[in-house]
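> The sequence shown begins at 1 in UniProt numbering and counts up one residue at a time.
In this text, a Cβ means the ideal position worked out from N, Cα and C, and glycines have one as well.
The model shown is predicted, which means the values in this text are computed figures rather than measured ones.
I have a structure here, written as structure tokens, and I will follow up with some questions on it.
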Amino acid sequence: MTAIASAPVVVGVDGSPSSLDAVELAATEAQLRRARLHIVYAFVWPAALVAARPATEGAPEPATLVRAHADAIVAEAKTHAEKVAPEVPVTTEVADGPAAYVMLQRSRHAAVVVVGDRGLGRFEGMLAGTVATQLSTYGSSPVIVVKGASKSEGPVIVGVDGSARSLRALEFAADEAARRGTELVTAHVWRTPAGTGPGAIMPLVYDIDLLEADEDRKLSKIVKSLADRHPGLPIRRRLGRGSAGPVLASWSHKAQLLVVGDRGHGGFVGLLIGSVSQHLIFHAACPVAVVRDEQQSD
Numbered sequence: 001m002t003a004i005a006s007a008p009v010v011v012g013v014d015g016s017p018s019s020l021d022a023v024e025l026a027a028t029e030a031q032l033r034r035a036r037l038h039i040v041y042a043f044v045w046p047a048a049l050v051a052a053r054p055a056t057e058g059a060p061e062p063a064t065l066v067r068a069h070a071d072a073i074v075a076e077a078k079t080h081a082e083k084v085a086p087e088v089p090v091t092t093e094v095a096d097g098p099a100a101y102v103m104l105q106r107s108r109h110a111a112v113v114v115v116g117d118r119g120l121g122r123f124e125g126m127l128a129g130t131v132a133t134q135l136s137t138y139g140s141s142p143v144i145v146v147k148g149a150s151k152s153e154g155p156v157i158v159g160v161d162g163s164a165r166s167l168r169a170l171e172f173a174a175d176e177a178a179r180r181g182t183e184l185v186t187a188h189v190w191r192t193p194a195g196t197g198p199g200a201i202m203p204l205v206y207d208i209d210l211l212e213a214d215e216d217r218k219l220s221k222i223v224k225s226l227a228d229r230h231p232g233l234p235i236r237r238r239l240g241r242g243s244a245g246p247v248l249a250s251w252s253h254k255a256q257l258l259v260v261g262d263r264g265h266g267g268f269v270g271l272l273i274g275s276v277s278q279h280l281i282f283h284a285a286c287p288v289a290v291v292r293d294e295q296q297s298d
């Protein structure tokens with residue numbers, strides 16, 4: 001293997017099948033990036049177990065059993081990662097603390113953080129409703145939420161909203177597509193004009209074809225600039241009309257990765273973390289990467 005990138009790919013595990021899916025994708029991601037893979041298992045010590053005494057004389061202390069269980073989880077994950085990507089250096093860590101907090105801290109020095117979409121629910125397990133949501137909202141690095149077994153076929157799809165903040169998501173997606181040797185689909189979902197509050201006045205008549213042509217022009221301008229920066233990368237535009245979350249989720253069935261920014265509101269209807277990104281974390285059919293703006297590190 002050539003020189004190792006300084007920033008690792010970090011993956012959170014909790015012993016669930018979902019977290020092993022995350023390990024598989026993370027190991028592949030580390031291989032593509034020529035990076036180290038760092039496996040993290042984080043949990044809060046169960047107070048009752050730590051305080052309890054062994055049931056029988058000579059039996060292991062409960063805290064020892066809990067630690068052994070944690071060590072077994074990271075060992076299993078490491079073995080799985082080494083089978084997927086034998087050349088990738090792998091390190092492991094068992095951290096004491098809430099999983100969301102620990103993973104947020106690790107994201108400060110990560111190239112990307114990977115978690116499963118659901119877990120066991122034990123010891124602050126890696127659940128989409130907790131860890132992935134916290135990471136996609138407050139993390140310092142991009143986060144990939146894995147949705148079942150990874151696919152090596154299909155394009156990388158990126159949601160484009162026309163805002164300056166979406167450019168980082170666009171670049172992340174272009175780099176991912178180039179590493180994977182696949183097509184990049186720049187996807188924009190737009191809506192017909194609608195009132196935004198009580199008494200809002202909208203035009204009685206509008207031309208759908210003209211509106212769509214205008215949206216396509218905006219997208220074409222963005223794609224041309226991207227193509228100039230990434231010569232040789234196959235890029236395709238795709239327009240849709242409706243609610244961005246459900247439309248992008250429906251397109252995700254044929255993708256190997258779906259990328260969105262953390263928030264938007266530019267020339268298009270914004271891809272907001274509170275709406276589109278969160279909808280996709282729960283409902284997309286492929287892994288979802290949420291890319292935060294680099295100026296927003298907390």
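Could you tell me whether any Cβ in chain B is nearer than 8 Å to the Cβ of residue 192?
No chain B appears in the structure shown, which is made up of a single protein chain.
> Whole alpha helix (DSSP H) runs in the region 145 to 223 with 4 or more residues, listed along the chain?
166 to 180
> Quick check: what's the CA-CA separation for residue 147 versus residue 141?
Indexing the sequence shown from 1 puts residue 147 at position 147. Indexing the sequence shown from 1 puts residue 141 at position 141. Whole-angstrom Cα-Cα distance: 19 Å.
> Are the beta-carbon atoms belonging to residue 376 and residue 9 less than 8 Å from one another?
Not covered by the structure: residue 376. The range shown for the chain is 1 to 298.
> Taking just the CA atoms, how far does residue 208 sit from residue 80?
As a first step, residue 80 is located in the sequence shown; it is residue number 80 there, counting from the start. As a first step, residue 208 is located in the sequence shown; it is residue number 208 there, counting from the start. Distance between the alpha carbons of residue 80 and residue 208 is about 51 Å.
> Quick one, are the C-beta atoms of residue 189 and residue 242 less than 8 Å apart?
The residue labelled residue 189 in the question sits at position 189 within the sequence shown. The residue labelled residue 242 in the question sits at position 242 within the sequence shown. Their beta carbons are under 8 Å apart, which means residue 189 touches residue 242 by this criterion.
> Flag this pair as yes or no: are the beta carbons of residue 280 and residue 235 separated by less than 8 Å?
Position 280 of the sequence shown holds residue 280. Position 235 of the sequence shown holds residue 235. No, these two residues do not count as a Cβ contact at 8 Å.
> Evaluate residue 85 with the Cβ neighbour count: other Cβ atoms within 10 Å of its Cβ, from every protein chain shown; 16 or more gives buried, anything less gives exposed.
One-based indexing of the sequence shown puts residue 85 at position 85. Under this definition residue 85 is a buried residue.
> According to DSSP, residue 35 sits in a beta bridge with which residue or residues?
Taking the first residue of the sequence shown as position 1, residue 35 is located at position 35. The partner list for residue 35 (beta bridge, DSSP) reads 5.
> Looking at the structure shown, is residue 284 part of a helix, part of a strand, or coil, going by DSSP?
Taking the first residue of the sequence shown as position 1, residue 284 is located at position 284. Reduced to three states, the DSSP call for residue 284 is coil.
> Consult DSSP for residue 115 and reduce its assignment to one of helix, strand or coil.
Residue 115 sits at position 115 when you count from the first residue of the sequence shown. Residue state for residue 115 is assigned as strand, using DSSP reduced to three classes.
> Using the beta-carbon count (16 or more within 10 Å), is residue 6 buried or exposed?
Residue mapping note: residue 6 aligns to position 6 of the sequence shown, counting from 1. Exposed is the call here.
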